[in-house]
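Colleague: Got a structure for you, written out below as structure tokens; questions coming shortly.
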Amino acid sequence: MKYKAVIGLEMHCEIKSNSKVFSSAKNEYDELPNCNVSEIDMAFPGMLPVLNKECVRKALLASLVLGCKQPDYIYFDRKNYYYPDLPKGYQITQMHAPIGVDGKLVIDVNGKEKEVLIHDIHLEEDSASLDHYSDATLIDYNRCGVPLLELVTEPCLNSAEEAVAFLETIRRIYQYCDISDADTKKGQIRCDVNVSIMNEEDKTLGTKVEMKNVNSFSNVYDTIIYEIERQSKLKDSGRYDEVIQETRRFDEETGTTIRMRGKVDAVDYKYFVEPNIPKYKLNNKWLEEIKKSIPMLPKDRKKMYIEKYLLSEYDANIIIKERITADYFEKCVILGINPKTAANWLIVQIVAYLNKNDIELKDFYLQPEYLKQITDAQEKGIISSKQAKEIFNKSLEEKREPNNYISMDNGQISDEKELNILIENILSNNTKQIEEYKNGKTNLFDYFVGQVMKETKGKANPIVTKKILKDKLDN
Amino acid sequence: MTELSIEKLHELLINGEVSSDELVKEAIEKSKKLQKKCNPFVTIIEDAEGKKVTDNLLSGIPYGIKDNYSTKGILSTGSSNTLKDYVPFFDATAVVNLKKAGVVAVNKTALDEFGMGGTGTTAHTGIIKNPWDINRMCAGSSSGSACAVASGVYPFALGSDTGDSIRKPAAFCGIVGYKPTYGMISRYGLFPFASSLDHCGVLTRSVKDAAIVVDAMKGKDDKDLTTWDSSNINLYDSIDGKVQGKKLFYIKEIVDLDNYPNASDELKKHLSIFNDSIENLRKLGVVINEISIDKNLLNVIPSVYVCISCAEATSNLSNLTGIIFGPRGKGKTYIDMMKDYRTNGFSPLIKRRLVIGSYILQKENQERYFVNAGRVRRLIVDKMKELFKEYDGLILPVSTGIAPYLDGSKDELSKDDTAILEEHLQIGNFGGFPSITIPNGFIDNMPVGINVTGNCFDDANVLNIAYALESTMNYKGMIAGGNNEI
């Protein structure tokens, strides 16, 4: 890259909570529009905001984890502007005293450490969602008043890779701390991306261009790549004055950024302190309690997996990617499954199964306790690794405990010799059926399989059985 | 009978000498007559019915609600065209609390649009006239409530007070107006004007009635974070009239006649009536001192009020877009629709205030106007709190005299040399102080009032002093024009 890129991010993430940040309406994604609303969300005359303590707790948790300074008093500001997605005509946010300022986070970018400075993190409310049609706009107030955490970095990132690595790290932290599900598919994360370029030796930053409402990490990546290229081309051709301070949006279809408005059109939000929420003195006791509740974070877990459980870095990285995966893994270890075995099952079998069937780990039938039944049997030599996989699939298919398919004293009969003898016997007692089969009644094949199963009380390995039967009947 | 006090009505109800239904019916009939004479109501609830009489002093008694309180299933307009058809689906907390006490709402009273005026001339239903003289104003913004209580429609009506909106109309109508400490009564369901200055309160014909009603309205409310627990305070029980040794002060720069070289006869009379009241209190053993306060600090009170109230109002009224409620405006874009709705819905006075508020909040002006106003507000409040360490309260005359004539009156945001006498009640809103106005005399057959303001949470003390003063005069329970029919 010819020029040095300077990138700053504003990351909005919905907080997970029972109710909204200033009302008792449910904070829950719902397909049915306008069902999770109260008079407060819709700003009916006389309503007053009631601050949700759990949201403040989670925001403080984020502030602590990101190494921010907390304010002495918690209070809020009104950001005033007219738009149909904002029923009150103002958004309650934190401008004067954010819940955290001057934070710092070391992230891993392709194996290299990078320190990211956090300007501030603040708690605010989301707006309603709008659906624009050619002749009308529909408003869904379900999202209106949903708690949002807005994190603002300093302009300290220098590539699209760094930006996305930072976002991934934050997303993971939020998930690990149960601050948010941070699900981009549900629109729980939205980013504003600021990009400028400069010569390596320049002392002052170039002209900043802002891209609003970029709604996925891959779009953040593409936006940055595109914007660096756009600005670089202009700079190359001596037209850098055409890079102006403005707000643009990322257009997914063309993969380009499109101008929305210039700096002169910037809105004056007329911020002032929200008078209906009294200043709350933050006490150390509460902060200490919150500090104690911080769970082990992905970075530390990764370290533990590598050093204590002797996993490869590659495996560790996959497992910590989602808290639920890491929790599953740790539960396996606690139950006594060998960490490497657990990691293998998780990374190979389980991930493949989840991807193939498009389900999430939380909805996965075979919880660690069940997985242990399989790994135990395998360890004791009762079943082979091949059988283990079969039992894994069978158990998932029939939603029955693996133990149902594992028998201590009488395991599955997979021995070809043993089965051969058994099948010879059965065939010699069913000559009539063999004839019919050979004359074209091929569905009798299942009858023979049934006979084998009947004889072995279901313990014959079906695959081997079928193979032998096919050999004998078709030749 | 509705011209009687709450205590008396309760006695009659308990003894079966009158029924709640009869009182309600009487209040409705009087409302209809008064509506023709003075136009104080937005809605008369003609199908209101009496309620069961219990031990609660308020049970079965009719009352009125200012139309900027949200009332479930009953039109609530804020006296504005922007909400002319708005029927809320929830009750204000104060109304809920009163319902529990067993009172019966019989009407919704008109106000200066959204409480933003002091004349009673800007309601969307027209001018509200003073029952003592229909050519004069009631002042505002709780104009309809003051008019109805003064006329004996019922013993009390709800008001709201952002600058003096309960206490000034009370003075002009010869009744009691009381706004308790900020946060004692929940503001949930009160249409906001300026949230940091808005108070709920009541208009009555006696101090005791005011105490009874506020006892029922108050309480910590989960829906209003600025409320506080006042369960250990019982205002009615605290009134004993014992004021020996209490200390009050008045401000020289406001009440000394020498401040007004061009004083009218009316103003002279008004100040002399004030001095009579001071003497009455002294006779009861109250110590009253004259205090001097930097005139510069006093002179800026109205400007500080305009800055803060207009700024907050601009934001508070931003929910009025005609999109979710209110008559939808015409236009191709949402901006055109909002513009149309707001242009046609608001009266010119409101628009003026909103423009001022918007100007004050602009980035380049905020520090100079809004932030500085906040600082001066703090200075004034600190000065008062310092004085309240030594004194039980501040006592001052209300306004410069009697209610002005309607013709020729304009609602102006400030007046010149008597401005501070006209506007000092705003101090009570700056500090959230408990503040009560009671009638203390007549000029040209029109009532005038006096105000006592005390420290936050000291409501019982303030009411007791007002009660003692009330007891030295014959203006308790007055009905406009005597007890004649409306």
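Taken in sequence, the protein lines are chains W and S. Under this note's numbering, think of the first position of the first sequence as 485, with each following residue one higher. Under this note's numbering, think of the first position of the second sequence as 19, with each following residue one higher. All residues carry an ideal CB built from backbone N, CA and C; glycine is no exception.
Our contact map puts S/LEU243 next to W/ILE761 with C-beta atoms below 8 Å; I'd like the distance itself, whole angstroms only.
Modeller: The count along the second sequence starts at 1 and reaches residue 243 of chain S at position 225. The count along the first sequence starts at 1 and reaches residue 761 of chain W at position 277. About 6 Å separates the two Cβ atoms, so the contact holds.
Colleague: Kindly identify the DSSP beta-bridge partner or partners of W/GLU608.
Modeller: The residue given as residue 608 of chain W occupies position 124 in the first sequence. According to DSSP, which records beta bridges pairwise, W/GLU608 is partnered with W/LEU632.
Colleague: Is S/SER160 closer than 8 Å to S/GLY177 when the C-beta atoms are compared?
Modeller: Position 159 of the second sequence, counting from 1, holds the residue named residue 177 of chain S. Position 142 of the second sequence, counting from 1, holds the residue named residue 160 of chain S. Cβ distance < 8 Å, so S/GLY177 and S/SER160 count as in contact.
Colleague: Contact defined as beta carbons within less than 8 Å: I believe S/SER322 pairs with S/VAL373. What is the distance between those atoms, to the nearest angstrom?
Modeller: Locating residue 322 of chain S in the second sequence gives position 304, where the first residue counts as 1. Locating residue 373 of chain S in the second sequence gives position 355, where the first residue counts as 1. Contrary to the premise, residue 322 of chain S reads as Val rather than Ser in this sequence. Contact doesn't hold; Cβ gap of about 18 Å is too wide.
Colleague: What does a CB cutoff of less than 7 Å around W/VAL648 pick up in its chain, not counting 5 residues either side in sequence?
Modeller: Start at 1 with the first residue of the first sequence, and residue 648 of chain W comes out as number 164. For W/VAL648, where only same-chain residues beyond five positions count, the Cβ hits under 7 Å are PHE701, VAL704 and TYR705.
Colleague: If you follow the beta strand (DSSP E) that S/MET155 is part of, which residue opens it and which one closes it?
Modeller: Taking the second sequence and counting its residues from 1, one reaches residue 155 of chain S at position 137. Element bounds for S/MET155: 151 to 155.
Colleague: Following the continuous beta strand (DSSP E) through W/CYS519, name the residue where it begins and the one where it ends.
Modeller: Your numbering for residue 519 of chain W matches position 35 in the first sequence. Looking at the DSSP string, W/CYS519 is not in any beta strand (DSSP E), and its letter there is neither H nor E.
Colleague: Which residues of chain W have a Cβ atom closer than 9 Å to the Cβ of S/PRO106, listed in chain order?
Modeller: Against the second sequence, residue 106 of chain S aligns to sequence position 88. The contacting residues are GLU523, PHE528, PRO529 and GLY530.
Colleague: Taking only three categories from DSSP, how would you classify S/ASN492?
Modeller: Against the second sequence, residue 492 of chain S aligns to sequence position 474. Note: S/ASN492 maps to coil in three-state DSSP.
Colleague: What's the C-alpha gap between S/SER489 and S/PRO187?
Modeller: In the second sequence, residue 489 of chain S corresponds to position 471, counting from 1. In the second sequence, residue 187 of chain S corresponds to position 169, counting from 1. Each residue's alpha carbon lies about 21 Å from the other.
Colleague: Could you run through the stretch 53 to 85 of chain S and flag, in chain order, every residue whose CB is less than 7 Å away from some CB of chain W?
Modeller: Result list empty, no residue passes.
Colleague: Chain W beta carbons: is any one of them nearer than 8 Å to that of S/ILE92?
Modeller: Here residue 92 of chain S refers to the residue found at position 74 of the second sequence. Not closer than 8 Å to any Cβ of chain W, the Cβ of S/ILE92 fails to qualify, so no.
Colleague: Less than 7 Å between C-beta atoms, sequence neighbours within five positions excluded: which residues of the same chain meet that for S/LEU431?
Modeller: As a working note, residue 431 of chain S is residue 413 in the second sequence. Confidence in S/LEU431 is poor, its pLDDT being 40 and thus under 50, which makes the residue's placement unreliable; the coordinate value appears in the next sentence. Result list for S/LEU431: VAL324, in chain order.
Colleague: For W/LYS883, count the other beta carbons within 10 Å of its own beta carbon; 16 or more makes it buried, fewer makes it exposed. Which is it?
Modeller: Numbered from 1 along the first sequence, position 399 holds the residue referred to as residue 883 of chain W. Counting Cβ neighbours within 10 Å, W/LYS883 comes out exposed, since fewer than 16 surround it.
Colleague: DSSP puts S/TYR423 in a beta bridge; with which residues?
Modeller: Here residue 423 of chain S refers to the residue found at position 405 of the second sequence. For S/TYR423, which the question treats as bridged, DSSP gives the partners S/ARG154.
Colleague: Nearest to S/ASN125 by alpha carbon, out of S/LEU101, S/ILE145, S/THR89 and S/VAL114?
Modeller: Residue mapping note: residue 125 of chain S aligns to position 107 of the second sequence, counting from 1. Comparing Cα positions, the closest option is S/THR89.
Colleague: Kindly indicate which residue of S/TYR104, S/ALA331, S/TYR196 and S/SER183 has the alpha-carbon position closest to the one of S/SER214.
Modeller: Along the second sequence, read from residue 1 onward, the residue named residue 214 of chain S stands at position 196. The candidate whose alpha carbon is nearest that of S/SER214 is S/ALA331.
Colleague: Output, in chain order, the set of chain S residues within a Cβ distance shorter than 9 Å of W/TYR566.
Modeller: Locating residue 566 of chain W in the first sequence gives position 82, counting from the first residue. In chain order: SER336, THR339, TYR352, ILE353 and MET356.
Colleague: W/PRO886 by DSSP, collapsed to three states: which one?
Modeller: Within the first sequence, the letter at position 402 stands for residue 886 of chain W. Helix.
Colleague: Give the residues of chain S in contact with W/ASP453, contact being defined as C-beta atoms less than 9 Å apart.
Modeller: Because chain W here runs from 485 to 959, residue 453 of chain W falls outside it and cannot be looked at.
Colleague: In the DSSP assignment, the beta strand (DSSP E) including W/GLU494 goes from what residue to what residue?
Modeller: Position 10 of the first sequence, counted from the start, is the residue given in the question as residue 494 of chain W. Residues 488 to 498.
Colleague: I think S/GLY450 touches S/GLY201, with their Cβ atoms under 8 Å apart; what is that distance to the nearest whole Å?
Modeller: If you number the second sequence from 1, residue 450 of chain S lands on position 432. If you number the second sequence from 1, residue 201 of chain S lands on position 183. About 7 Å separates the two Cβ atoms, so the contact holds.
Colleague: Below 8 Å on C-beta distance, what does S/ASP240 contact in chain W?
Modeller: Position 222 of the second sequence, counted from the start, is the residue given in the question as residue 240 of chain S. Residues of chain W passing the Cβ test: VAL534.
Colleague: Consider the Cβ of W/ILE761: report whether some Cβ of chain S lies at a distance smaller than 8 Å.
Modeller: As a first step, residue 761 of chain W must be located in the first sequence, where it is residue number 277. Yes, W/ILE761 counts as interfacial toward chain S.
Colleague: Please name the residue in S/ASP151, S/TYR172, S/LEU52 and S/ILE152 whose C-alpha comes closest to that of S/GLU40.
Modeller: Along the second sequence, read from residue 1 onward, the residue named residue 40 of chain S stands at position 22. Closest option to S/GLU40, Cα to Cα, is S/TYR172.
Colleague: How would you list, in chain order, the residues of chain S whose beta-carbon sits under 7 Å from the beta-carbon of W/PRO571?
Modeller: Indexing the first sequence from 1 puts residue 571 of chain W at position 87. Simply ASN337 and ILE342.
Colleague: Say whether chain S places a C-beta atom closer than 8 Å to the C-beta of W/PHE560.
Modeller: Taking the first sequence and counting its residues from 1, one reaches residue 560 of chain W at position 76. No, no contact with chain S.
Colleague: Sorted by chain position, which residues of the same chain lie with C-beta nearer than 7 Å to S/TYR206's C-beta, five sequence neighbours on each side aside?
Modeller: Position 188 of the second sequence, counted from the start, is the residue given in the question as residue 206 of chain S. Taken in chain order, the residues that qualify are ALA110, THR111, ASP239, LYS241 and ASP242.
Colleague: Please go through the same chain and pick out, in chain order, the residues whose beta-carbon is closer than 7 Å to the beta-carbon of S/GLU408, but skip the five residues on each side of it.
Modeller: Here residue 408 of chain S refers to the residue found at position 390 of the second sequence. Contacts found: LYS265.
Colleague: Can you tell which of W/THR825, W/VAL593 and W/ASP586 has its C-alpha closest to the C-alpha of W/LEU963?
Modeller: With chain W covering only 485 through 959, there is no way to say anything about residue 963 of chain W.
Colleague: Spatial neighbours of S/TYR387 within its chain, please: CB distance less than 6 Å, with the 5 preceding and 5 following residues excluded, ordered by chain position.
Modeller: As a position in the second sequence, residue 387 of chain S is number 369, starting the count at 1. Closer than 6 Å at the Cβ level, and outside the excluded window around S/TYR387, lie CYS325 and ILE378.
Colleague: Taking S/PHE211 and S/PHE132 to be in contact with their CB atoms under 8 Å, please state how far apart those CB atoms are, rounded to whole angstroms.
Modeller: Taking the second sequence and counting its residues from 1, one reaches residue 211 of chain S at position 193. Taking the second sequence and counting its residues from 1, one reaches residue 132 of chain S at position 114. Yes, S/PHE211 and S/PHE132 are in contact; Cβ-Cβ is about 6 Å, under 8 Å.
Colleague: Below 8 Å on C-beta distance, what does W/TYR557 contact in chain S?
Modeller: Position 73 of the first sequence, counted from the start, is the residue given in the question as residue 557 of chain W. Under the 8 Å cutoff, chain S gives no residues; its nearest Cβ is about 14 Å from W/TYR557.
Colleague: Whether or not the stretch 681 to 692 of chain W and the stretch 731 to 751 of chain W are in contact is what I'm after, with contact meaning three or more pairs of Cβ atoms, one per stretch, closer than 8 Å; do they touch?
Modeller: These segments do not touch.
Colleague: From W/ASP556 to W/VAL534, what does the alpha carbon distance come to, in whole angstroms?
Modeller: For the purposes of this step, residue 556 of chain W is taken as residue 72 along the first sequence, with counting starting at 1. For the purposes of this step, residue 534 of chain W is taken as residue 50 along the first sequence, with counting starting at 1. Their Cα atoms are separated by approximately 20 Å.
Colleague: What would DSSP say about S/PRO415, mapped onto helix, strand or coil?
Modeller: Along the second sequence, one-based indexing puts residue 415 of chain S at 397. S/PRO415: strand per DSSP, three-state reduction.
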